[in-house]
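The block underneath contains the structure these notes are about, expressed in structure tokens.
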Amino acid sequence: MHISSLVVVVLSLLTGAMASPGDDLWATIDCKYQCEQISCENNRHYYRIHPDRYYNPSWRFTEGPLPKYLEWLAWDCYSNCDYQCQRIITEERRNNHEEIYQFHGKWPFVRVAGIQEVTSVIFSLGNLVVHGLGLKKIWHKWNSIPNGPAHDRLKSQYINLILMTLVSMGAWIFSTIFHIRDLDITEKLDYYCAGLTVLMGFHTLGARFGELYLESNANYRYAFSAICAVSYAGHIARLVIDWSYTYNMRANIFIGILQNICLVGICYYIYSHYYYLEQDNKSTQNHLKYIDFRAIILPSFFSRSPKLYSLYPLMLGIIVILGMSLEIFDFPPIFYDLVDAHSLWHLVTIFPAYFGWYDWMLWDIHENVWPHIQQVELLNVKKNE
């Protein structure tokens, strides 16, 4: 499983810009109207013309042109009024010991230098960095592979892994942009790239599970890739024509389930292989040279044998599942209204990618896939003699 793909499934399930209780408060509506009239329309005496509107002289709003850094992040007077009123109403409710509400599907965070969700931005960048480090490892191994027909089969698995990692990095870039500034275009790009991450994870693991790296399965490999590409094009077309959070959620969950089935199948196959090798006293410790003992969870257990190491991705998946509770048991922002459950969820997703996911994939490719390719090639040679 590509860990960030499960992340996307959860985010698709639990996020979406829908109406929130804070949007419907009369105080919010009147506050925004007052701010817009005073700050944007320069109409300081609007309440004399519109006596039906609630006027609160204690509300204070930013006046004058917005700072350049806000304009650069696409803030204007009206969106700035929206932000200011979220903060004003939230503080009023907090002082009155009332429940804190969301606005536009988000908690009322404190804006930092124009950034709407600064901790989610930081942790999204953290995810980008760890996947970048993973790509560096993959690229180093890729460049060490010699040329040759059999090695070309091996490279096909590397191509899948490289593309999957690049797409994941793209997803975290767009996640960062989206959390910097929530706009219609940034939201859609975030969702489009997130959906592609799910599909690329399924494509990589599906190809591995189906042994499509073998030459005898070349036609299936091309067909599988074509089906995935057409499916994604259709998915995007569906969202462009009729944007639906429900459809997007269901599509991601469906592909995510298929992806996890492939992962479990791969781990079961590898575990069984080393189990029987152990029974015949033929097992080796080929996994140790791929493990970074500074970045592995429960090293005394998973480094004990390749049979146990084959289950390591399931351990990483457990971490992701535990992290889901942060989203399920959501709570208003803490630490000066900067940190919420969603940002902590982004923090949790850093750990699986850092703690050995890419090391495990390299081990699988070189110690499981490559010997299988060599074995099949040798059988083909003997068959043709």
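Residues -3 to 381 (our numbering) make up the sequence shown, in order. Idealized CB from N, CA, C, for every residue including glycine. A quick note: this is a predicted structure, and the numbers were derived from the prediction, not measured.
Report task. Provide the residue span of the alpha helix (DSSP H) that contains Arg204, from first to last. Result -> For the purposes of this step, residue 204 is taken as the residue at position 208 of the sequence shown. That run of the alpha helix (DSSP H) goes Asp180 to Phe205.
Query raised in the report: For the alpha helix (DSSP H) that Pro17 lies in, which residues bound it at each end?
Result: Here residue 17 refers to the residue found at position 21 when the sequence shown is read from its first residue. Careful: Pro17 lies outside any alpha helix (DSSP H) and carries neither H nor E.
Query raised in the report: Just checking, does the region 117 to 131 make contact with the region 190 to 206 on the three C-beta pairs under 8 Å criterion?
Result: no
**Report entry** Neighbour-count burial assignment, Val316, 16 or more Cβ in a 10 Å radius
**Finding:** Reading the sequence shown from its first residue, position 320 is the one you call residue 316. By the 10 Å Cβ count, Val316 comes out buried.
Query raised in the report: Do you know how far the Cα of Ser227 is from the Cα of Ile266?
Result: Reading the sequence shown from its first residue, position 270 is the one you call residue 266. Reading the sequence shown from its first residue, position 231 is the one you call residue 227. One C-alpha to the other measures close to 30 Å.
Query - Rounded straight-line distance, which links the Cα of Phe99 to that of Leu340 - result: Taking the sequence shown and counting its residues from 1, the one referred to as residue 340 is at position 344. Taking the sequence shown and counting its residues from 1, the one referred to as residue 99 is at position 103. Approximately 20 Å between the Cα atoms of the pair.
Query raised in the report: Which first and last residues belong to the alpha helix (DSSP H) in which Ile158 is found?
Result: Numbered from 1 along the sequence shown, position 162 holds the residue referred to as residue 158. Element bounds for Ile158: Pro145 to Ile176.
Query raised in the report: Start and end of the alpha helix (DSSP H) containing Ala214?
Result: By 1-based counting over the sequence shown, the position of residue 214 is 218. Looking at the DSSP string, the run of the alpha helix (DSSP H) that includes Ala214 is Ala214 to Ile237.
Requested in this report: Tell me whether Leu358 is buried or exposed, calling it buried when 16 or more other Cβ atoms sit within 10 Å of its Cβ.
Outcome: Locating residue 358 in the sequence shown gives position 362, where the first residue counts as 1. Its Cβ being crowded by 16 or more others within 10 Å, Leu358 is buried.
Query raised in the report: When you compare only the Cα positions, how much space is there between Val108 and Thr280?
Result: In the sequence shown, the residue the question calls residue 108 occupies position 112. In the sequence shown, the residue the question calls residue 280 occupies position 284. So the alpha carbons of these two residues sit roughly 53 Å apart.
Query - Minimum C-alpha distance to Tyr272 - residue among Leu304, Phe298, Ile292 and Trp239 - result: Position 276 of the sequence shown, counted from the first residue, corresponds to residue 272. With distances taken between Cα atoms, Tyr272 lies closest to Leu304.
**Report entry** Short Cβ contact (9 Å threshold) for Trp55 with Ile84
**Finding:** Locating residue 55 in the sequence shown gives position 59, counting from the first residue. Locating residue 84 in the sequence shown gives position 88, counting from the first residue. Their beta carbons are under 9 Å apart, which means Trp55 touches Ile84 by this criterion.
Query raised in the report: With a CB to CB cut of under 6 Å and the five nearest residues on each side skipped, what residues in its chain are close to Trp135?
Result: Here residue 135 refers to the residue found at position 139 of the sequence shown. None.
Query raised in the report: Within the chosen definition, does the region 110 to 126 reach the region 324 to 342 through at least 3 CB pairs nearer than 8 Å?
Result: yes
Query - Residue from Arg300, Thr58, Cys27 and Val106 with nearest C-alpha to Tyr270 - result: Against the sequence shown, residue 270 aligns to sequence position 274. The shortest C-alpha separation from Tyr270 is found at Arg300.
Query raised in the report: Does the Cβ-Cβ distance between Phe220 and Ala233 come in under 9 Å?
Result: As a position in the sequence shown, residue 220 is number 224, starting the count at 1. As a position in the sequence shown, residue 233 is number 237, starting the count at 1. Going by C-beta atoms, Phe220 is not nearer than 9 Å to Ala233.
Query raised in the report: Looking at Trp356 and Tyr308, is the spacing between their C-beta atoms short of 9 Å?
Result: Locating residue 308 in the sequence shown gives position 312, counting from the first residue. Locating residue 356 in the sequence shown gives position 360, counting from the first residue. Going by C-beta atoms, Tyr308 is nearer than 9 Å to Trp356.
Report task. Determine, using beta carbons only, whether Tyr43 and Ala23 come nearer to each other than 9 Å. Result -> Taking the first residue of the sequence shown as position 1, residue 43 is located at position 47. Taking the first residue of the sequence shown as position 1, residue 23 is located at position 27. For Tyr43 and Ala23, no; Cβs fall outside 9 Å.
Report task. Measure the CB-CB distance between Gly197 and Gln153 and report whether it falls below 9 Å. Result -> Here residue 197 refers to the residue found at position 201 when the sequence shown is read from its first residue. Here residue 153 refers to the residue found at position 157 when the sequence shown is read from its first residue. Taking 9 Å as the Cβ cut-off, Gly197 and Gln153 do not qualify as a contacting pair.
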